[in-house]
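**Student:** Before we start, here is the structure in question, set down as structure tokens.
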Amino acid sequence: MDRVRALIIVDVQNDFCAGGSLAVAGGAALATAINDYLAGRPGYQHVVATQDFHIDPGDHFSDEPDFSTSWPPHCVAGSFGADFHPDLDTGPIEAVFRKGAHAAAYSGFEGVDESGTPLLDWLRQHDVDEVDVVGIATDHCVRRTAEDAARADLTTRVIVDLTAAVAPDSAATALAEMRSANIELVQSR
């Protein structure tokens, strides 16, 4: 039986890129790198994306954030910051899963598409059994998305060079924890 593979592009949004309210080093460059990777036809049957999309996330936003559980306002629904980075080619993306409307949400598996279907249900409906995860941020949303994929018994890989981290130390910890969770860490080439 053939395996069905999906690429999950996590939060490649303006607020997480240069000039955004919560910019991550290398975030903007990821858009082009992901496009280039997909242009090489890596064999995915499906490509989906997640989008931080906050309406009123409560104490997830703070004027004095701790950058662990609270953050400066970012990816506010309907704002330029919530949009995908303009360099990301959204053509291959079949479905977008928005998360965090009224509470903090780090995993793409907390998101739903425009019809209200959760990411895991969508993947199951499309017989996906393997996922690769790329995007922003290695140490937060990429990590949580990959961990939830692995918990759902999907064969899970993170393409490390197609991620960007908030901080090197927390990225190293996240990568070690993902490895411990049976998530394969690979490079795009």
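Residue numbers for the sequence shown follow numbering that gives the first Met the number 0, so the first one is 0 and each next one is one higher.
By construction, the Cβ of each residue, glycine as well, lies at the ideal position given by its N, Cα and C atoms.
Please report how far the alpha carbon of Ser179 lies from the alpha carbon of Thr144, in whole angstroms.
**Tutor:** Roughly 15 Å between the two C-alpha positions.
**Student:** Would you mind listing the alpha helix (DSSP H) stretches within the region 103 to 188 that are 4+ residues and don't spill past its ends, in chain order?
**Tutor:** Qualifying alpha helix (DSSP H) stretches, in chain order: 118 to 124, 142 to 150, 167 to 179.
**Student:** Between which two residues does the alpha helix (DSSP H) carrying Asp82 extend?
**Tutor:** Neither: Asp82 is in no alpha helix (DSSP H) and is coded neither H nor E.
**Student:** What span of residues does the beta strand (DSSP E) with Ile8 cover, start to end?
**Tutor:** Note, Ile8: beta strand (DSSP E), 4 to 9.
**Student:** Take Leu21 and list the residues in its own chain whose beta-carbon comes closer than 7 Å to its own, dropping the five residues that flank it on each side.
**Tutor:** Here the set comprises Asp14, Phe15, Trp70, Pro71, His73.
**Student:** Taking contact to mean at least 3 C-beta pairs separated by less than 8 Å, is the region 82 to 92 in contact with the region 48 to 56?
**Tutor:** At 8 Å Cβ cutoff, the stretches touch.
**Student:** Tell me the start and end of each unbroken beta strand (DSSP E) in the region 31 to 73 that is at least 3 residues and wholly inside, in chain order.
**Tutor:** Listed in chain order, the complete beta strand (DSSP E) runs (minimum 3 residues) inside the region 31 to 73 are 45 to 51.
**Student:** Distance, Cα to Cα, His59 vs Tyr105?
**Tutor:** Roughly 11 Å between the two C-alpha positions.
**Student:** Taking all protein chains shown into account, decide if Gly19 is buried (16 or more other Cβ within 10 angstroms of its Cβ) or exposed.
**Tutor:** By the 10 Å Cβ count, Gly19 comes out buried.
**Student:** So who's on the other strand from Ala94, going by DSSP bridges?
**Tutor:** Answer by DSSP bridge pairing, in chain order: Val47.
**Student:** For Phe79, count neighbouring Cβ atoms within 10 angstroms of its own Cβ and tell me buried if that reaches 16, exposed if not.
**Tutor:** By the 10 Å Cβ count, Phe79 comes out exposed.
**Student:** Nearest to Ile158 by CA position, among Val185, Thr172, Thr137, Asp168, is which residue?
**Tutor:** It is Val185 whose Cα lies nearest to the Cα of Ile158.
**Student:** One question on the structure: do Glu129 and Arg2 come within less than 8 Å of each other, judged by their Cβ atoms?
**Tutor:** Yes; because the gap between Cβ atoms is below 8 Å, this pair is in contact.
**Student:** So, Val23 versus His53, is the Cβ gap smaller than 8 Å?
**Tutor:** No, Cβ-Cβ distance for Val23 and His53 is not below 8 Å.
**Student:** Say the cut is 7 Å; is the CB of Asn13 nearer than that to a heavy atom of the ligand COA?
**Tutor:** No copy of the ligand COA occurs in the structure displayed, which carries no ligand at all.
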